[in-house]
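See below for the structure under consideration.
Protein chains in written order, with the working numbering: chain A, 1 to 350; chain B, 1001 to 1350.
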């Protein structure tokens, strides 16, 4: 029986590396430590420790660090080697969420008030900035597992990935309220905003785990496909998901006038007359329930759900093909877990 | 005649390393590149290149990178070795200014509209985040001049310094409107917000230039003293500076109800009766000119200008003592320039 790393062990390694990096926040400002710990689900707004079951809920899926660790194991390395990088990725992700929530005026994140809503915009900007610096320190803790050359490469790619994420966010804000955004523009935007960090996660996991450059690059493409598939699935759930499972109402993205992929596919397909209707509906301050139904009708008329699903399936097939290509029919448990995780992500209804 | 590095050469090396790191912003979003270039004074709001004379004005004093390069030269290294780190420091400084300006709602920075005022808060947050990532890439370009071990140490200290800066900013926002902030609290706050980056600048310059650990640490203390002296001098100019030289009205910090060091020293010295008056004046929405005069009168009554100046002079003496201690009566031109620069900073009236 081989020594199999379980998800619980991976999460312990991740928690340890996150806690180790977070020590850098300690100092004369208790508020800074608290905001950092809060955003990672470790404490509540008053600094009280969160209960383990609450913690699991408010920490989110921790998908990105899991991918990094699983890929490291799949190429013959260990979750332990990948843990500092995985912690850096999760910290980076949390930093971007804090700033995104300010930009989007999101009131809640993972069932709790957002950082800006508790401590104000100014302090939320600070909390994000500090977590970004902490994420760099976490990444540098890879030094004990990799060569100096690899560490430099990791740090360079980590910061280029951050720029890709920020660029996607710049484009996202820039696209708001514009009627001429194409599905292609959108895919480019989410390629940065959502998928770049998954590309880095898989690439870094492979690199730290000892894969050669070509394999690491190929596994980076796997991460990119996962990221794109994940985001497009998310866009579908924002329109066609049953309320009980997502915690938000069905068609919520229509009410919020989001320019998600289904809406852009609809716009790209709609007749001149229907386009006028869509523009009219999206130009209003508030969209009423009858108009929500009308939008759902238009999405059905042009077969948008099937077209969007096709995008998800393309990415899923791409991801699976890379796994087959790189690992063949290896029965390593990490490869099996990667296949399962990817399929779950693509088929998820929450 | 030794080969002397001039300020112009240093600025060329700095410009080169900044431009080299900024390449990472290039990509499908022209806006991201433009915001980055704008904040560094390279272009105007429409992306038009700034004229050389305008550029010098809008780029500020570039004090921090100069200190890093001068210290590197003083310990026997070169400005060239220190240039990637100096670029990182200047980029880090610019990132913090972009975010500070959002937090403080500052309309102008270096004679131009602030990033948030041109492109909105959301994009300004993005511009700062991206520049922070660019600053890390600039620092990593030190790899060609230092050992892998030193590079790791530089990167760790750079991010710890950033956390110190952010912590100072957290404390600064947290202190707003509070009547119980002490001069000690304030000195702790500016130790992070303003002085930590100068400490890093001098320490990093020394380290890259080849100084031993103890000397580098001592020169870090020099940077800290410069940073504290610089900020306290700035606080004095906010109250007692003639309008023509600072570009802002005398006593402007009183009108803006800033809790700068002179005000905190006044509060620490004032009688119960005077304290009541100060609290009353600072509790108002707007302070009228008669009340500004009254505050100036109270500052004079308690001899606050002399007490504040004493703080500046303590830091100046500390800085000069460290220079004497480390360099003795070396007549290296960089040491001479450091002495001159420090004395100018402390005596400046603008």
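Heads up, the beta-carbon is just placed ideally off N, CA and C, and yes, glycines get one too. Since the structure is predicted, the reported quantities are computational estimates derived from the model, not experimental observations.
Residue i, DSSP secondary structure in three states
i: residue 84 of chain A; result: helix
i: residue 183 of chain A; result: helix
i: residue 1113 of chain B; result: strand
i: residue 1313 of chain B; result: helix
i: residue 146 of chain A; result: coil
i: residue 1002 of chain B; result: Residue confidence for residue 1002 of chain B is low, a pLDDT of 47 falling below 50, so the modelled location carries little weight and cannot support an answer.
i: residue 286 of chain A; result: coil
i: residue 134 of chain A; result: helix
i: residue 292 of chain A; result: helix
i: residue 43 of chain A; result: strand
i: residue 49 of chain A; result: strand
Closer than 8 Å to chain B by CB, residue i
i: residue 1 of chain A; result: Its pLDDT being 39, under 50, residue 1 of chain A is placed unreliably in this model, and the value from its coordinates should be taken loosely. No, no contact with chain B.
i: residue 88 of chain A; result: no
i: residue 132 of chain A; result: yes
i: residue 180 of chain A; result: no
i: residue 163 of chain A; result: yes
i: residue 137 of chain A; result: yes
i: residue 13 of chain A; result: no
i: residue 107 of chain A; result: no
i: residue 123 of chain A; result: yes
Inter-residue Cα distance where the pair is residue i and residue j
i: residue 65 of chain A; j: residue 1108 of chain B; result: 41 Å
i: residue 2 of chain A; j: residue 12 of chain A; result: In this prediction, residue 2 of chain A has a pLDDT of 47, which is less than 50 and means its spatial position is unreliable; what the coordinates show is noted afterwards. Distance between the alpha carbons of residue 2 of chain A and residue 12 of chain A is about 20 Å.
i: residue 57 of chain A; j: residue 110 of chain A; result: 7 Å
i: residue 62 of chain A; j: residue 1054 of chain B; result: 48 Å
i: residue 240 of chain A; j: residue 278 of chain A; result: 18 Å
i: residue 1231 of chain B; j: residue 1071 of chain B; result: 20 Å
i: residue 1124 of chain B; j: residue 1116 of chain B; result: 5 Å
i: residue 1319 of chain B; j: residue 1010 of chain B; result: 22 Å
i: residue 346 of chain A; j: residue 322 of chain A; result: 16 Å
i: residue 1144 of chain B; j: residue 1206 of chain B; result: 16 Å
i: residue 1074 of chain B; j: residue 1190 of chain B; result: 27 Å
i: residue 270 of chain A; j: residue 121 of chain A; result: 40 Å
i: residue 20 of chain A; j: residue 30 of chain A; result: 17 Å
i: residue 331 of chain A; j: residue 317 of chain A; result: 19 Å
i: residue 1202 of chain B; j: residue 150 of chain A; result: 28 Å
i: residue 280 of chain A; j: residue 84 of chain A; result: 50 Å
i: residue 1195 of chain B; j: residue 1186 of chain B; result: 12 Å
i: residue 282 of chain A; j: residue 1114 of chain B; result: 32 Å
i: residue 1250 of chain B; j: residue 1313 of chain B; result: 22 Å
i: residue 1198 of chain B; j: residue 1338 of chain B; result: 13 Å
i: residue 51 of chain A; j: residue 184 of chain A; result: 44 Å
i: residue 27 of chain A; j: residue 173 of chain A; result: 35 Å
Residue-chain proximity (residue i, chain A), Cβ-Cβ < 8 Å
i: residue 1024 of chain B; result: yes
i: residue 1342 of chain B; result: no
i: residue 1031 of chain B; result: yes
i: residue 1102 of chain B; result: yes
i: residue 1366 of chain B; result: Past the edges of chain B, shown from 1001 to 1350, lies residue 1366 of chain B, and the structure says nothing about it.
i: residue 1126 of chain B; result: yes
i: residue 1028 of chain B; result: yes
i: residue 1129 of chain B; result: yes
Check: residue i C-beta below 7 Å from any heavy atom of the ligand NAD
i: residue 300 of chain A; result: The ligand NAD is not part of the structure shown, which contains no ligands of any sort.
Are the stretch 253 to 271 of chain A and the stretch 296 to 304 of chain A touching by the rule of at least three beta carbon pairs closer than 8 Å? yes
Is the stretch 1163 to 1180 of chain B in contact with the stretch 120 to 130 of chain A, if contact means three or more CB pairs nearer than 8 Å? yes
Interface positions of the stretch 1070 to 1100 of chain B facing chain A (Cβ-Cβ less than 7 Å), listed along the chain: 1099
Could you tell me whether the stretch 1147 to 1157 of chain B touches the stretch 1040 to 1057 of chain B, where touching means 3 or more Cβ pairs closer than 8 Å? no
Anything in the stretch 1141 to 1160 of chain B with a Cβ closer than 9 Å to a Cβ of chain A? List those residues in chain order, please. 1143, 1147, 1148, 1149, 1151, 1152, 1155, 1156, 1158, 1159 and 1160
Near-chain B residues of the stretch 167 to 191 of chain A (beta-carbon distance less than 7 Å), N- to C-terminal order: 167, 169, 170, 171, 173, 174 and 188
Under 8 Å, with one C-beta from each stretch per pair, do the stretch 1136 to 1150 of chain B and the stretch 1218 to 1236 of chain B reach the 3-pair mark? no
Three or more beta-carbon pairs under 8 Å between the stretch 1016 to 1024 of chain B and the stretch 21 to 39 of chain A, yes or no? no
Flag this pair as touching only if the stretch 1251 to 1261 of chain B and the stretch 1280 to 1289 of chain B have three or more C-beta atom pairs under 8 Å; answer yes or no. yes
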